Amino acid sequence: MNVSKVVSNEVAKAVSAIFNEEISPDFFQIENTKADFVGDQTLVVFPLLRITKKSPEQSAELIGEWLVSNGEIFSQYNVVKGFLNLSLKTSFWINQFNSFLREENLGVVAKPSGKTFIVEYSSPNTNKPLHLGHLRNNFLGFSVAEILKANGHKVIKTQIINDRGIHICKSMLAWLKFGNGETPESSNLKGDHLIGKYYVAFDKEYKSQVADLIKRGISKQEAEKKAPILLEAQQLLLKWEEKDPEIYSLWEKMNSWVYDGFNQTYDLMGVDFDKLYYESDTFLLGKDVVYKGLEKGIFYEKEDGSIWCNLSEEKLDDKLLLRADGTSVYMTQDLGTAIERHKDFNAVSGMIYTVGNEQNHHFKVLFTILKKLGFDWADECHHLSYGMVELPEGRMKSREGTVVDADDLIQSVVNDAKQMTSERGHLEGMSIDDKEKLYRIIGKGGLKYYLLKVDPKKKMMFNPAESIDLNGNTGPFIQYCYARIQSLLIKQQSTENKVSSNLTLFNSELDLIKWILAYPSTIQEAAKQLSPSILANYTYQLVKYYNSFYQSISILSEQDKELKQFRILLSGCVGKVIKSSMRLLGIEVPKVM
RNA sequence: GGCCUCGUGGCGCAACUGAAUAGCGCACUGGAUUUCGGCUCCAGCGGUUGCAGGUUUGAAUCCUGCCGGGGUCACCA
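Per our numbering, the first sequence starts with residue 1, numbered consecutively.
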């Protein structure tokens, strides 16, 4: 049971005894006492005044007095305005800590909740390599999935691969025109980078054609529609839809190059998926759904044959679901995909879409249409909407070549980690392979932490220089603390697995115990809010407490055996919590660095 | 233009979803090691939470208006 619950129960007893009122413990507002005041837990008494019919101060005094003299766990209290600050006995904290130590999983829920969640993330287009924005997306989706698992839920990690459409036709066409049969092997380029190269080549040619047409007196709008290479790409898309054998096998070949490239990047990022969906499969399912919806009168058809959903009740604009020529749009396949997933995993408790906030409107419409179609589980669908990653010079723009490539970025943070760690690290006697592994752990840990420590909902600034920083609120700072603890434990293991409740502890030791005890509720909070940043900030605070403790109190040279054992045990416990929470963020921690 | 969203020390971020004197990191200044890993710790500097009203015992947080940034309003994904 967490501390504030224990306190609420005690307060309920007090109120019942003093004011003769039975109040549910949930009603009481219990908070951690602010650092500037004496106490551990604070009862905010304002909401109680209608029961006590006394001034805030008087009410707080009465309750505080009762708790200290009648309760078992309080050592003292003080009242400031409407706040009752309560101090808990050291023995209480030690008992709580002992029961925490007995839990094998440190508060990570081991019992199945019976709920299944689908978490979608990544979902790239297949015409260009992954970039910085995808990194935030992938790290977030992966971490949220792990956090949900830690709360006892079953989780299916998935993505929809946008493998079809005009964008891939553009790359294909450019490759046919300018590629001379180039392959990843012949060019020594990763498959996704090779395809990206031809997507850029298409764009270049397209622009020059448009400029040409404008020069010949054609309006800009007209030129953008009539550029020959665009018309050719559209022809290619039609051929693809007809499954023209030549085009289809080219499409399969080029996509396979991209997948090889993506898989390498996913390995590098340390993310994985349980089930993949391909748009080239699901867009057909979506079409069926739309036709059925039309029959049932949920959708309507315009004169030109296009099919729409009326959303005026919801005060949204009508949404196109199928074009007049019968081809599908993004929404079509998303409907198909959602329904398919729900079937595949049978009554899922929630579907979470990790997609940038530029698509807020899209998901609002998607969930609304699903609901209109009679799928009540649409209420359980959730758009995990995250903010854009911006660079110091502004938003990334592919046109201006400011896109930060995912592979390049990871490589560069690993290189930076190598440089810094070679200078300052403790690597003597380590094999070259182990060193390389360590650089990857530090570099990627820094990058992941940097992208995850910010509230997902908010847009964030990516400053390349800061991302590999080692000081302050960073991944390597936390990793360093872990490594230090491990080096301590190598020198001496703890022989005890519990703490005697009559020890006298320093404040920095009590701070640590109190904070460790908040770990289970932090995991729950992170899941509730789908926010890894809550865990990141928790861990950072834990490390600060530990460093502060480590700085001022000696451990191995402590003469008192009991105290020494306690401090080793406490250090080991901090290490375990760091490792556990970092794992939920997808970050590894090294024994040495 | 309509709708959505965000504005917190020079910069980057917190604030347990309405509570006490708004925290932290970077940067800057000054300190700490006969000690277990100094990639450490302690202290200082720096704020009228964009502006103006309102609700409340209490507002960075809720409401209204204005100013500024971003997003979206596609038969693109």
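For glycine and all other residues, C-beta sits at the position ideal for the given N, C-alpha and C. Quick caveat: nothing in here was measured; it's all calculated off a predicted structure.
- Under the 10 Å beta carbon count, GLU562 is surrounded by fewer than 16 other beta carbons and is classified as exposed.
- Between LEU370 and LEU335 a beta carbon distance of about 7 Å is seen, short of the 8 Å cut, so the two are scored as contacting.
- Of the candidates LEU106, LYS177, SER412 and GLN76, the residue whose Cα lies closest to the Cα of LEU268 is SER412.
- For VAL3, the closest alpha carbon among the candidates LEU489, MET430 and LYS514 is that of LYS514.
- Three or more Cβ pairs drawn from the stretch 45-55 and the stretch 75-95 lie within less than 8 Å of each other, which places the two stretches in contact.
- Contact annotation: the stretch 16-29 does not touch the stretch 92-101, with fewer than three C-beta pairs closer than 8 Å.
- In this structure, the alpha-carbon of TRP175 lies about 35 Å from that of GLY443.
- For MET351, the enclosing beta strand (DSSP E) stretches over residues 350-356.
- Beta-bridge pairing by DSSP links ILE160 to TYR277.
- If you draw a 10 Å sphere on the C-beta of HIS426, you find fewer than 16 other C-beta atoms in it, and that means exposed.
- Assigned with DSSP and collapsed to three states, LEU570 falls in helix.
- Judged by their CB atoms, ALA150 and VAL119 are not nearer to each other than the 7 Å cut-off.
- DSSP links ARG395 through a beta bridge to GLU390.
- As for any alpha helix (DSSP H) of minimum length 4 sitting wholly inside the stretch 99-182, the runs are 132-150 and 166-178, ordered along the chain.
- In this structure, the straight-line span from the alpha carbon of GLU466 to that of TRP251 is close to 41 Å.
- The alpha helix (DSSP H) runs lying completely inside the stretch 180-244 and spanning 4 residues or more are 184-187, 191-215, 220-226 and 228-241, given in chain order.
- DSSP places GLN76 in the strand class (E or B) of the three-state scheme.
- By the Cβ-count criterion, PHE28 is buried, with 16 or more other Cβ atoms from all chains shown falling within 10 Å of its own Cβ.
- A residue is called buried when at least 16 other Cβ atoms come within 10 angstroms of its Cβ; THR265 meets this threshold and is buried.
- Bounds of the beta strand (DSSP E) holding ASN32 are 30-32.
- Closest option to ASN502, judged by alpha-carbon separation, among SER91, THR474 and LYS54: SER91.
- Between SER385 and ASN360, the C-beta gap is smaller than 7 Å, which places the two residues in contact.
- Take the alpha-carbon of LEU570 and the one of ILE410: they are about 35 Å apart.
- Sequence-distant Cβ neighbours of GLY64 in its own chain, meaning closer than 6 Å and more than five residues away, are TYR77 and LEU84.
- Assignment of beta-bridge partners to ILE247 by DSSP yields no partner.
- In this structure, LEU238 sits away from ALA223, with a CB-CB distance that is not shorter than 7 Å.
- Here ASP511 is buried. Its C-beta has 16 or more other C-beta atoms within 10 Å.
- Between the alpha carbons of TRP66 and LYS13 lies a gap of roughly 9 Å.
- Within the same chain, Cβ atoms closer than 7 Å to the Cβ of THR522 are found at ILE534, LEU535 and TYR538, the five residues on either side in sequence being excluded.
- Here ASP405 carries a strand assignment [DSSP, helix/strand/coil].
- DSSP places SER87 inside the beta strand (DSSP E), whose first and last residues are 83-88.
- Nearest to GLU301 by C-alpha distance, out of LEU311, LEU322 and LYS315, is LEU322.
- Per the coordinates, the alpha-carbon of ILE352 lies some 6 Å from the alpha-carbon of CYS381.
- For SER554, the three-state secondary structure derived from DSSP is coil.
- Short of 7 Å from the beta carbon of PHE506, and not among the five residues preceding or following it, lie these beta carbons of its own chain, in chain order: ILE553.
- Under the 10 Å beta carbon count, MET254 is surrounded by 16 or more other beta carbons and is classified as buried.
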